[in-house]
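Participant: These protein sequence lines are chains H and G, in that order. First residue of the first sequence? That's 1 in this note's numbering, and the numbers climb one at a time after it. First residue of the second sequence? That's 1001 in this note's numbering, and the numbers climb one at a time after it. First the structure, then my questions, so here it is.
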Amino acid sequence: MKTNPVSEKLKSMLPWAGLALLLGVFAVAALRVARPAGAAGDGREVIRIAHWQLEAGIRQGIDAAARAYEAMHPGVRIEQILVPERVYPTWLTTRLIGGTAPEIIELAPNYDAARVTRFFRPLGAEVDAANPYNAGTALEGLPWRNTFVDGLASGYHEELSDYYGVGPFTGSRALYYNKRLLRELTGAESPPADYAELERVLARLEEWNARRGVRVTGFAMHRASATALFNDLLAAQLQRLGTELAPGTGLPVGREEFYAARLAGRWDFSRAELRAALENLRELSVFFPPGFAQLGREDATLAFVQGRALFFYSGTWDATNLAAQAEFPVGVTRAITPGREHPRFGAGVLGPLASEDRSGSPAFSVTRDTARAERAIDFLRFLTSEPGNRIFAAASGWMPSVLGVPGPEGLEELMVKGEGYPRGPSLLGGADTNLVFSRHLSRLTGPAGGVDAFLEGFEAEASVAMRRDLERSVKGAAEGVRRDDVAIAAGRVLAGLGEGGAVERRAETQNEREAWARALAEELARTR
Amino acid sequence: MGSMGMLGAAAAGMAGPAVEQAEAWRRLAAGEAAAAAADFARGEGREARVGRAAALLAAQPRTAATLERARTLLEGVVEEQLHDDWAVMAEYLLARWHQAHALQPDPAEGERRLLALLEARAGHPWADAAAPKLAIAWFAAERDAAEFARREERFAEILERVRDPAARRDARLVWADAALRLGPDHARALPHFRALAEEAEALRPSLRARVLFQVAESAAALGLGEEAVEGWRRFAREFPHDARAGEARRRAEEMISR
């Protein structure tokens, strides 16, 4: 075989090239390690902020607020670290355990109390004090926590009874629609005013599909958004029943009390409002894409932006993404559920649902061991001050979290207002009950399905599943109570040193939860 | 007890940690039970033994041997008859051991120990901490109105001697919530919710909201219209963005229009 001398020469150099590359990488790494932690190459103090909000707008919003902050504090640089949601929990755990975590971190939703106390700094004292960046605004002098539209409920850790984060934006459920298509169907771009009108629009869509021989679905749906919609329909239609089940408080019971009431025989599936809610689910699901329970968020987003669906049931967090990707104007409105005047689905409704959904509200926390905690907190103060949040909201197009800051154009209607009626309980939420519901769902939503077919299989299994869910809650509460016993005891001892954090509030939460679990355990024993 | 501990004792009304144990307590408060247990095992004295027992209660995995070791350590501290703060803390943890930590809890024994602690060491911070726990044992699951009433009389005497306002509030809340489950018995519950509302600033926000709404609701149920209206208005004023704010405003208006 004939050999190429140049190629041979290159081959002989390959090991040396590899070594040189290795040394180069090592030199760069060594330089990075040698650089003082938290210092930029230009000597500025660096505050890193890690989060998984890769949606359009968030990065730009934080960047804009960061640049404004840096202008006020020339010795500081704010850097963002964006991590995809799927790998975020693993990434975060590795960084926290390895002691290389950024100063500010968006709390992963699955972080339990033990990890939160271990890795993050409680902010109770800070949020009780005024935010100096609100000076000269209507919020001047108010405790920082009282300057948020949700009273900083999203940053409050119930189990730990302290504040562990603040967030620059809020989220609530939203119904997006394709304005162009809606105009074609109804002659107008304004969304349906109520549920009856929504039904009429969907009926027109069916006719439109038939005329054109196409298949545009009513809703772009995926597994999670379908569950959220089911929950909202149930929350509206079970308001009256939920309130009846709680004569002491006059407010609808929560999920666990709802399950316990079922086991005690205080309601059953023959209740008209419950059957109506299921019928409502069935009727709406006709307008979902086939196999919606197996679809992911990306599938539903794609279907909507490609014009394959009229509506998309999601949250305010999708507003910027949808506007950026869709080739048609996107409209948005509140979730539409049947009102009490609806002839078939209104009997259990008290009124429109209060806007309290905080499922999209983040908590940005400060790592416990960072040496730059004060600077990190100071940046968070600015980011969630009236002027800082205004900059964030204007640059991001996301819903602001601070009182008095205007919402982005088109989303004003979705701002939390403290109006409406409290949500009724949901049938869904317990892991076992959800599983049974999912297993029988096709008997409700399938072509030959119906409420009776669904209940035939679901009803008997549901009671067993609800009991298992409640037993798990009691067990979880007992574990939490034991863990708290020790942490509270240590906190009380440390109070002698002026330390110990919010030990009284933690004991308050523990006592409340322990009493609740004791009552529930007794109820379960009584109904066995 | 080290000098820092003595200073702490003066500040908090009970023993603070000795300097050499402070870090172990900090670890325990942060949920690092294994590390704290190892730290306490290296220490000496009654504080180290109570600390180690507390750490063993949180150690994973929970085993009979670990829990028995915790109990033995606590009993040892109590049996030395020194009657110091560590002995009272050990008595409290022993009551909790029987109630909640043992693999086979003995609620009756836990309840007996809590009551004994409240009677023998009334006003001590660890005895005060026992008051809400006894309230849970006596009221949380009680559905017999006569038995409830009998216990109420006795518990009212006990609560009189509790000095810690936080413990008193917690006990009242358990008592009031139990009264609501009993019927609901608003007449029994309202005085407690009123007392809690007077100290509302001390409650965590979610509980403060619940208490304020409940004062109005129970007052309305008892025909105390003026108090109900004022309660709902206070709720809507203090929690204007809460999901219950609209409901509070509506109920106040309805009550006025009646």
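Even for Gly, the Cβ is constructed at its ideal location relative to N, Cα and C.
1. Measuring straight from C-alpha to C-alpha, what distance separates H/R372 and G/M1089?
2. For G/Q1214, return the contacting residues in chain H, with the cut-off set at a CB-CB distance below 7 Å.
3. Give a yes or no on whether the minimum CB-CB distance between H/Y164 and chain G is below 8 Å.
4. For G/A1252, decide whether its Cβ has a neighbour in chain H, counting only Cβ atoms nearer than 8 Å.
5. Leaving out five residues before and five after H/L455 in sequence, what residues of the same chain have Cβ atoms less than 6 Å from its Cβ?
6. Using the Cα positions of G/R1194 and G/R1169, report the straight-line distance between them to the nearest angstrom.
7. Buried or exposed for G/L1144, going by 16 or more other Cβ atoms inside 10 Å?
8. Is it buried or exposed for G/A1243, if we count other Cβ within 10 angstroms and need 16 for buried?
9. Report the three-state DSSP secondary structure of G/E1020 (helix, strand or coil).
10. Use the C-beta contact count for H/L54: other C-beta atoms within 10 angstroms, 16 or more gives buried, fewer gives exposed.
11. How far does the alpha helix (DSSP H) with H/V486 in it extend, from its first residue to its last?
12. Determine whether the Cβ of G/P1191 lies closer than 8 Å to any Cβ atom of chain H.
13. Please list the terminal residues of the continuous alpha helix (DSSP H) segment that includes G/I1136.
14. Output yes or no for whether 8 Å exceeds the beta carbon distance between H/L238 and H/A277.
15. Whose Cβ in chain H lies nearer than 8 Å to the Cβ of G/I1136?
16. Which complete alpha helix (DSSP H) runs does the stretch 67-133 of chain H hold, if anything under 4 residues is left out?
17. Since G/L1173 meets chain H, which of its residues come closer than 9 Å, beta carbon to beta carbon?
18. Suppose the cutoff is 7 Å on Cβ atoms and the five residues either side in sequence are ignored; what does the same chain contact list for H/L185 look like?
19. If you measure beta-carbon to beta-carbon, which residues of the stretch 467-490 of chain H are closer than 9 Å to chain G?
20. Is G/L1056 closer than 8 Å to G/R1046 when the C-beta atoms are compared?
21. Out of H/R282, H/P408, H/L470, point me to the one whose CA is closest to H/G446's CA.
22. Less than 8 Å between the C-beta atoms of H/A235 and H/L414, yes or no?
23. For G/W1025, return the contacting residues in chain H, with the cut-off set at a CB-CB distance below 8 Å.
24. Using a threshold of 8 Å, state whether the C-beta atoms of H/E273 and H/L241 are closer than that.
25. Which residues in chain C sit within 8 Å of H/S161, going by Cβ to Cβ distance?
26. So which residues on chain H does G/H1083 lean against when the C-beta distance must stay under 9 Å?
27. So with Cβ pairs under 8 Å, would you call H/T337 a contact of chain G?
28. Can the beta-carbon of H/E514 be found closer than 8 Å to that of H/V481?
29. Return no unless some Cβ of chain H is closer than 8 Å to the Cβ of G/P1061.
30. Touch check for the stretch 1174-1189 of chain G and the stretch 1135-1151 of chain G: three-plus C-beta pairs under 8 Å?
31. Taking only three categories from DSSP, how would you classify H/R173?
32. Mind pulling the beta strand (DSSP E) runs of 3 or more residues that sit fully within the stretch 336-409 of chain H?
Facilitator: Working from what's here:
1. 37 Å
2. T249
3. no
4. no
5. F269
6. Here the C-alpha atom of G/R1194 lies approximately 11 Å from the C-alpha atom of G/R1169.
7. Checking the sequence shown, residue 1144 of chain G turns out to be Asp, not Leu. Exposed.
8. buried
9. helix
10. exposed
11. Boundaries of the alpha helix (DSSP H) around H/V486: 451-495.
12. no
13. Per DSSP, G/I1136 belongs to no alpha helix (DSSP H) and is neither H nor E.
14. Cβ atoms of H/L238 and H/A277: closer than 8 Å.
15. Under the 8 Å cutoff, chain H gives N511, E514, A515, R518.
16. 88-97, 113-119, 124-128
17. E508, N511, E512, A515
18. V201, R204, L205, W208
19. A478, V481, R482, R483, D485, V486, A487, I488, A489, A490
20. no
21. H/R282
22. no
23. Using a Cβ-Cβ cut-off of 8 Å, G/W1025 is close to A490, V493, L494 of chain H, given in chain order.
24. yes
25. Checking the listed chains, one finds no chain C in this structure; the protein chains it contains are H and G.
26. Residues of chain H passing the Cβ test: none, with the nearest at roughly 18 Å.
27. no
28. yes
29. no
30. yes
31. strand
32. 364-366
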